[in-house]
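Visitor: Please see the structure below; I have some questions.
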Amino acid sequence: MNRRQILQALAGTGLAHAANVVNATATPKQNLTGNNLLDAYVRLSGSFDDRLIIWWMDGKQYAVVNGKSQALFGMKVGMFHRFFQQTDGSFKIAFFELTYFTDLDSGLLLKEFNNPFTGKINQVRHTRLGPEVRLLTKNGLSSPDNPMVQQYSSSLGPARIINNQVWVPTSVEGIIKFPKPTAPEILLSIYTTINGNLSDALDSKIISAPCSLAFSNTQPWIPWMGLEDQPGHMMGVANGCKMESMEELPADYLACAREVHPRYISDPIAALSKQTLLIKENT
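Residue numbers (our numbering): 7 to 289.
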């Protein structure tokens with residue numbers, strides 16, 4: 007398994023209710039732990055059927071050196087999912103991500119980056135992760151089955167409730183240690199919080215409910231930046247929301263995706279077909 011595959015394994019609006027949704031009967035005092043929390047999380051962030059679920063986010067990538075941050079470029083994120091509940095209550099997810107770096111001023115797709123640390127012009131490489139299958143349990147995303155992934159941890163919750171609003175944080179942390187002695191360790195820290203209506207989250211009659219998303223992460227310098235000897239690291243911050251159709255995606259995101267990954271963005275369901283079949287054959 008190469009570096010890209012390992013990173014894939016670790017990684018991870020105009021909204022609509024499912025048809026025939028009725029009012030929630032559960033009370034806000036219901037204890038959101040264990041599988042109850044998992045179900046609430048999936049109802050808000052995903053779906054109890056296999057419809058396409060899109061996480062769209064827009065944000066920035068920063069350089070952090072000696073505790074001081076500097077915005078380098080924008081990022082436009084699209085994560086494409088299909089959720090499949092398993093007999094034990096967990097969920098297998100067919101997933102891929104398309105993320106694009108953009109110019110801070112124009113918002114256009116970034117093709118060359120004037121690196122402030124080296125003075126060089128870098129050729130920008132945009133990000134595709136997956137398609138792949140992930141396992142989501144009441145404890146978060148399960149660890150990849152790879153000996154190079156060490157000190158892995160993931161969490162789901164605890165839920166935070168104020169009136170009829172609920173926030174559910176998730177995290178993924180880990181270290182990738184490559185066999186080559188001179189290869190640097192890769193440290194990943196990824197944090198996402200979803201927010202939605204508590205009444206939606208608790209209503210078992212709702213298949214899929216709206217939510218907003220807040221994302222942050224820290225990671226080593228992106229390889230194409232050529233900053234292996236530069237002290238510091240990257241920090242990403244983004245916000246967005248859940249969508250259920252391609253028509254909801256902003257035009258600027260679609261323009262980036264059609265230029266860089268036309269096959270994936272033209273038919274996300276088809277792009278996930280192999281992973282979907284694998285899940286169904288093993289369920």
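All residues carry an ideal CB built from backbone N, CA and C; glycine is no exception.
Taking Cβ to Cβ, would you say Met-240 is nearer than 7 Å to Gln-67?
Guide: Result yes, Cβ atoms of Met-240 and Gln-67 sit closer than 7 Å.
Visitor: Quick test of your reading: Gly-136 and Thr-176, contact by CB under 8 Å. State the CB separation rounded to the nearest angstrom.
Guide: 18 Å between Cβ atoms; not a contact.
Visitor: Go to Asn-128, then tell me how far its beta strand (DSSP E) extends in each direction, as first and last residue.
Guide: From DSSP, the beta strand (DSSP E) with Asn-128 extends over 127-129.
Visitor: Rounded to a whole number of angstroms, what is the C-alpha to C-alpha distance between Leu-284 and Ser-214?
Guide: Each residue's Cα considered, the two are about 23 Å apart.
Visitor: Write down the C-beta distance between Lys-117 and Tyr-259 rounded to the nearest angstrom, noting that I regard them as a contact closer than 8 Å.
Guide: 16 Å between Cβ atoms; not a contact.
Visitor: Classify Ala-150: buried if its beta carbon has 16 or more other beta carbons within 10 angstroms, exposed otherwise.
Guide: Reading off the sequence, residue 150 comes out as Pro, not Ala. Result: buried.
Visitor: Does the Cβ of Gly-52 have 16 or more other Cβ atoms within 10 Å, making it buried, or fewer, making it exposed?
Guide: The residue in question, Gly-52, is buried, as its Cβ has 16 or more Cβ neighbours within 10 Å.
Visitor: Look up Asp-206 in the DSSP assignment and say whether it is helix, strand or coil.
Guide: Helix, per DSSP.
Visitor: Compute the Euclidean distance between the alpha carbons of Ile-168 and Gly-246, then round it to the nearest angstrom.
Guide: For Ile-168 and Gly-246, the distance between alpha carbons rounds to 21 Å.
Visitor: List in chain order: all unbroken alpha helix (DSSP H) runs of 4+ residues lying wholly within the region 139-223.
Guide: With a minimum length of 4 residues, the continuous alpha helix (DSSP H) runs that stay inside the region 139-223 are 204-208.
Visitor: Looking at the structure shown, is Gln-76 part of a helix, part of a strand, or coil, going by DSSP?
Guide: Note: Gln-76 maps to strand in three-state DSSP.
Visitor: Quick check on DSSP: helix, strand or coil for Ala-32?
Guide: Residue placement at Ala-32 cannot be trusted, given a pLDDT of 43 that sits under 50; the coordinates are not used to answer.
Visitor: If we ignore side chains and look at the alpha-carbon of each, how far apart do Tyr-47 and Gly-125 end up?
Guide: Going from the Cα of Tyr-47 to the Cα of Gly-125 covers about 45 Å.
Visitor: What does Lys-248 pair with, by DSSP beta-bridge criteria?
Guide: Answer is Trp-61, bridged to Lys-248.
Visitor: Can you tell me whether Thr-289 is buried or exposed? The criterion is at least 16 other CB atoms within 10 Å of its CB, across all chains shown.
Guide: Exposed: under 16 other Cβ atoms inside 10 Å.
Visitor: In or out: Thr-31 buried (at least 16 other Cβ within 10 Å) or exposed?
Guide: The predicted position of Thr-31 is uncertain, since its pLDDT is 41 and thus under 50; no value can be drawn from it.
Visitor: Is Ala-276 buried or exposed, if buried means 16 or more other CB atoms sit within 10 Å of its CB?
Guide: When all chains shown are included, Ala-276 counts as exposed.
Visitor: Using a Cβ-Cβ cut-off of 8 Å (strictly less than) and excluding sequence neighbours within five positions of Ser-160, which residues of its own chain qualify?
Guide: Result list for Ser-160: Asn-145, Gly-146, Leu-147, Ser-148, Ser-149, Thr-176, Ser-177, Val-178 and Glu-179, in chain order.
Visitor: List the whole-angstrom C-beta distance separating Gly-95 from Trp-62, where the pair is believed to meet the contact cut-off of C-beta under 8 Å.
Guide: Gly-95 to Trp-62, Cβ: 28 Å. No contact.
Visitor: What would DSSP say about Gly-242, mapped onto helix, strand or coil?
Guide: Strand at Gly-242.
Visitor: Does Gly-84 come out as helix, strand or coil in the three-state DSSP assignment?
Guide: Note: Gly-84 maps to strand in three-state DSSP.
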